[in-house]
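Asker: Chains as they are written, first to last, in this note's numbering: chain A, 127 to 242; chain B, 118 to 271. The C-beta atom is built at its ideal place from N, Cα and C for all residues, glycine as well. None of these values were measured; they are calculated from a predicted model.
#1: Along chain A, which residues have their Cβ under 9 Å away from the Cβ of residue 248/B?
#2: Take residue 156/B and list the residues in its own chain whose beta-carbon comes closer than 7 Å to its own, dropping the five residues that flank it on each side.
#3: At 3 residues or longer, what runs of the beta strand (DSSP E) sit wholly inside the segment 170-223 of chain A?
#4: Any beta-carbon of chain A closer than 7 Å to the one on residue 240/B?
#5: Please classify residue 255/B as buried or exposed, where buried requires at least 16 neighbouring CB atoms within 10 angstroms.
#6: Between residue 185/B and residue 161/B, is the Cβ-Cβ spacing less than 7 Å?
#7: By a C-beta neighbour count over all protein chains shown, 10 Å radius and 16 as the cutoff for buried, is residue 118/B buried or exposed?
#8: Is the distance from the Cβ of residue 183/B to the Cβ of residue 150/B below 7 Å?
#9: With a threshold of 7 Å between beta carbons, is residue 166/A in contact with chain B?
#10: So the alpha helix (DSSP H) residue 152/B belongs to, where does it begin and stop?
#11: Rounded to whole angstroms, what's the CA-CA distance from residue 174/A to residue 141/B? Just pull it up for me.
#12: Which whole-angstrom value is the C-beta distance of residue 235/A and residue 202/A, which I expect to be below 8 Å?
#13: Tell me which residues of the segment 203-216 of chain A have at least one Cβ-Cβ distance to chain B shorter than 8 Å, keeping chain order.
#14: Should residue 146/B go down as buried or exposed, given a rule of 16 or more other Cβ atoms within 10 Å for buried?
#15: Can you tell me the Cα-Cα spacing of residue 123/B and residue 263/B, whole angstroms?
#16: Name the chain A residues that come within less than 8 Å of residue 146/B, Cβ to Cβ?
#17: What does the Cβ neighbour count give for residue 148/B, buried or exposed, with the cut at 16 atoms within 10 Å?
#18: How should residue 209/A be labelled, buried or exposed, when 16 other C-beta atoms within 10 angstroms of its C-beta is the threshold for buried?
#19: According to DSSP, is residue 191/B helix, strand or coil?
#20: Is the beta carbon of residue 139/B closer than 7 Å to that of residue 194/B?
#21: Which bits of chain B does residue 220/A rub up against, with CB to CB less than 7 Å?
#22: Determine whether the Cβ of residue 226/B lies closer than 7 Å to any Cβ atom of chain A.
#23: Using CA atoms only, rank isn't needed, just tell me which of 145/A, 142/A and 214/A is closest to residue 242/B.
#24: Give every residue of the same chain whose Cβ lies closer than 8 Å to the Cβ of residue 207/A, excluding the five residues on either side of it in the sequence, and list them in chain order.
#25: Whole angstroms is fine: what's the gap from residue 247/B's alpha carbon to residue 268/B's?
#26: Pick from 171/A, 152/A and 136/A: whose alpha carbon is nearest that of residue 228/A?
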C-alpha cells in the first residue's frame, strides 16, 4: 500500500495505491486522524488505484468521515474500481459516502460544500 | 488403454488441490489472499467472483486471529483450495476457540453514519460473497470453515 497526499484549495487529498485492508489500514487511519485534527476538515480519498478493500478499510473510512464532520468538514471518495464498489453496495455505504468519478469533481463538490 | 487414460485424467481432475499453512498473524493475510486469488483465477472465476473470494477469506482469517485465537501469533492458519468444473472450494482450519457463526448477528445495514458499527460486518460480507458456508468443530481437528463459490454466481 502506498499513500500519496497533496492539498488543493484547502482540501486535503489522500490517493491510495494497492490493497487497503486489516494489514495496511493503520497508516491510513493515522493520516485521517491527523487530517481531521483541526477545523474545517475537508478530505478527499482517491481510491482509483485500490484493487482490494475489506471491512477494516470500510471502518477506517467511516471513522474518518465521522471525525471530518465533527470538525465541520466532509470526507468524500472518488475513483472506485468495479470490484471494490461491490463492498460499498453490499454494506449500503454507497448511500452513506458521497462518491465521485474523478478527484476533480470531488474537490469541486467539497469546495462548494465549504462555501455554504 | 482408453480406460487407463480416462482413469489418469480423472485422477488429475481430482488432484487440483493445494494447501498453505502460515502463522496466525495479519502479515500472513496478503500471502493467503494471493494464494486464493491464484486458485480462483485458475478455476476460471470472473474478476468480480475472484474479489468476492479474496474478501471472504480475508474476513474469515481476520476473525480467526481476532476471535478464535484472541490475538496474533497464537496459532496457525491453514487454507486448502480445490476446484471442480463448476465451483471453487476453500477450507480454512484453525485450532483456536470454537465459534458458532449462527450466534453472530447481522450488522445494522443502511443506518445513519452515527449508528454504524463495524462489528459483525466481516461475517456478513463472507455470507454475501460466498454461495455456501459450512462450519464444524471437533477437539481433534479444530475449527473448519468450508466456503464454496459457484462459477456462475456474482
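Answerer: In this structure, then:
#1: Going along chain A, no residue has its Cβ under 9 Å from residue 248/B, so there is no contact; the nearest lies around 15 Å.
#2: 135, 198, 200 and 205
#3: 200-204
#4: no
#5: exposed
#6: no
#7: Because the pLDDT of residue 118/B is 41, which lies under 50, any placement of that residue in the model is unreliable, and the question is left without a value.
#8: Taking 7 Å as the Cβ cut-off, residue 183/B and residue 150/B do not qualify as a contacting pair.
#9: no
#10: Residue 152/B -> alpha helix (DSSP H) spans 146-159.
#11: 31 Å
#12: Correct: roughly 6 Å between the Cβ atoms.
#13: Within the segment 203-216 of chain A, the residues whose Cβ lies closer than 8 Å to some Cβ of chain B are 208, 209, 210, 212, 213 and 216, listed in chain order.
#14: Counting of Cβ neighbours within 10 angstroms places residue 146/B among the buried residues, the total reaching 16 or more.
#15: Bear in mind that the predicted position of residue 123/B carries a pLDDT of just 42, short of 50, making it unreliable; the figure below should be weighed with that in mind. The straight-line gap from Cα to Cα measures roughly 29 Å.
#16: Close to residue 146/B, with beta-carbon spacing below 8 Å, are these residues of chain A in chain order: 147, 148 and 149.
#17: Classification of residue 148/B: exposed, given that the 10 Å Cβ count is below 16.
#18: buried
#19: coil
#20: Yes; because the gap between Cβ atoms is below 7 Å, this pair is in contact.
#21: The premise fails here: residue 220/A is roughly 11 Å from chain B at the closest Cβ pair, so nothing lies under 7 Å.
#22: yes
#23: 214/A
#24: 173, 174, 176 and 177
#25: 11 Å
#26: For the residues 171/A, 152/A and 136/A, the minimum Cα distance to residue 228/A belongs to 171/A.
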